[in-house]
Amino acid sequence: MAHAPMFARAMGLPTRLALYCLFSLALMVVDSHYGPWTGLRSVAVRLVYPVQVVLSKPFEFLGEAGDFFTVHGKLVKENQQLILQSQIFASRLQGYAAIKQENEQLRKLLNLPSPPGTRPLVAEIVRVQPDPFDRRVIIDRGAADGVEAGRPVVDASGLIGQVTRVYPASSEISLLTAKEQAAPVQNERNGLRLIVSGTGTDDQLEVRYLDMHADVKPGDVLVTSGIDGVFPPGIPTARVLQVEPPRQTPFAKVICQPIGEIERHRHVLVLIRTEARK
Amino acid sequence: MITDKPLVPQGPELRAPVSGRLVLGSLVLAYLATQLPWPDGIRWLIPDFTLLVLLYWCIHAPHRANLGLALFLGLLTDFTLGGLLGQHALTYTLAAFAALTLRRRLENFQVSGRALHLVPIFFGQQTLTLLLGLAFHLPDVDWRFLIAGLFAAPVWIPVAHVLDRLTGWTNNMNIEPADKGALTRGGARLQNGGRSMK
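Chains S and U supply the protein sequences, listed in that same order.
Just so we're aligned, residue 1 is where the first sequence starts under my numbering, counting upward by one.
Just so we're aligned, residue 1001 is where the second sequence starts under my numbering, counting upward by one.
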């Protein structure tokens, strides 16, 4: 940039400030009211994503260096593969257990469609967004691998979140513990339908606005009900810790603990649609 | 009007303008430092290095770092974080404006004095960012991130020392008038001339 000419008829600093502020404000209004600019965003993310991956490498390397010196490298690799495999098997088992838990007779009678055809896709968390507003992580699978926005994300033990934005080679997961995130669930013990939402802390979920006479007890397991058409039924989601009786409101509140091990693993499974169902 | 500071830079003050390569390089480094995957527990403590370096250049190289650059860096940060578009663009621009307005005054201070002046700018920027997010984006916010705003000024000090070294900036700007006695006889009060800066 050249030096400013001495007698230029340039805009003054306050004028430019006002102009830029208006521009930013307009951007914010448009962005928050007229939906995300997926086109623009995906271009930007495609440029930024490689940088983020490269930056996460040295940290990964430091983490793995310890393993390298204690255990033979080959063993580490094999072990990692086995862990991945066991996670895939566990998620399949999860599905079977859920089907067993459901009342098969009722399902036959009602002639419900079979659980949505999904396929687990292993993804690695490459980055946790440092956002003071939300709990989101970035995984290394994107539209190219068949990930779609809205698909549920699980780990070996239970539901951990949902895909909220998909980019070509990466996607963004909103964790179940985010305050904005909710999942329709069913009490495994008696089939009571509830909606569980995040609280913004890592190890706590809650059911808000619960009928004060609802039959929920500490220790109950909540599994996804599948009535929203987003989460397939039967994924373990939360374990009830405590039922708070209504105090000033007519509603009770249930404090739960997520079953999925949120923010404890590097790998997650995205349940993507199988081709047959498209 | 007699000032102890000559209007045209002289002596050690006459430095080559800061090279664009240095400005760009330091900003890229700062941006990358902000993007490092900091551990979860201390993420809310990590100041925005991009803003740190941007404000340094606003004070010391205003012909390179202007409001347009601030807007651009803000948009870049917005895209990277994937939050609300324009949030950081607005706050960076305002912070840069504040720094550009203050810079003549800041030139008379040591690094720590400058950092002290920047505290309200950093803190205000962080507060405004959170408030904007609260207003436009999501109804809940982790207020611990405010601490990053306070933490930015102490981090700015070493950064400014390094950049001072790289640009050759010294605080030794006040050139002693040739005849001090003549000035005092003339009734001119030396505002800063009395202060010895190394």
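Glycine is no exception: its CB is placed at the ideal position from the N, C-alpha and C atoms.
When the beta-carbon positions are compared, Leu121/S and Arg141/S come within less than 8 Å of each other. A direct Cα-Cα distance of roughly 55 Å separates Ile227/S from Pro14/S. Using beta-carbon distances, Gly117/S does not count as an interface residue toward chain U, since no partner is under 8 Å. Contact with chain S is absent for Pro1158/U, since none of that chain's Cβ atoms lies less than 8 Å from the residue's Cβ. The stretch 1107-1119 of chain U makes no contact with the stretch 1062-1078 of chain U; the number of CB pairs closer than 8 Å stays below 3. For Tyr34/S, there is no enclosing alpha helix (DSSP H), as DSSP gives it neither H nor E. Interface criterion not met: the Cβ of Pro1047/U is under 8 Å from no Cβ in chain S. Residues of the stretch 188-218 of chain S with a C-beta less than 8 Å from any C-beta of chain U: Gly200, listed in chain order.
For Glu148/S, the nearest beta carbon of chain U is not closer than 8 Å to its own beta carbon. Classified as exposed, Gln85/S has fewer than 16 neighbouring CB atoms from the shown chains inside 10 Å of its CB. With respect to the 8 Å criterion, Gly198/S and Thr177/S are classified as neighbours on the basis of their beta carbons. Here Leu271/S is bridged, per DSSP, to Pro120/S. With a cut-off of 8 Å on Cβ pairs, the stretch 161-172 of chain S is not in contact with the stretch 207-223 of chain S, counting fewer than three such pairs.
For Asp1164/U, the enclosing alpha helix (DSSP H) stretches over residues Leu1146 to Thr1167. Membership of Pro1120/U in the alpha helix (DSSP H) is indicated by the continuous run Val1111 to Phe1136. Here Arg266/S carries a coil assignment [DSSP, helix/strand/coil].
Taking C-alpha positions only, Ile1157/U is separated from Leu1090/U by approximately 25 Å. Across the set Leu47/S, Val153/S and Glu60/S, the C-alpha of Glu60/S shows the shortest separation from the C-alpha of Leu1036/U. For Gln162/S, the enclosing beta strand (DSSP E) stretches over residues Leu159 to Val166.
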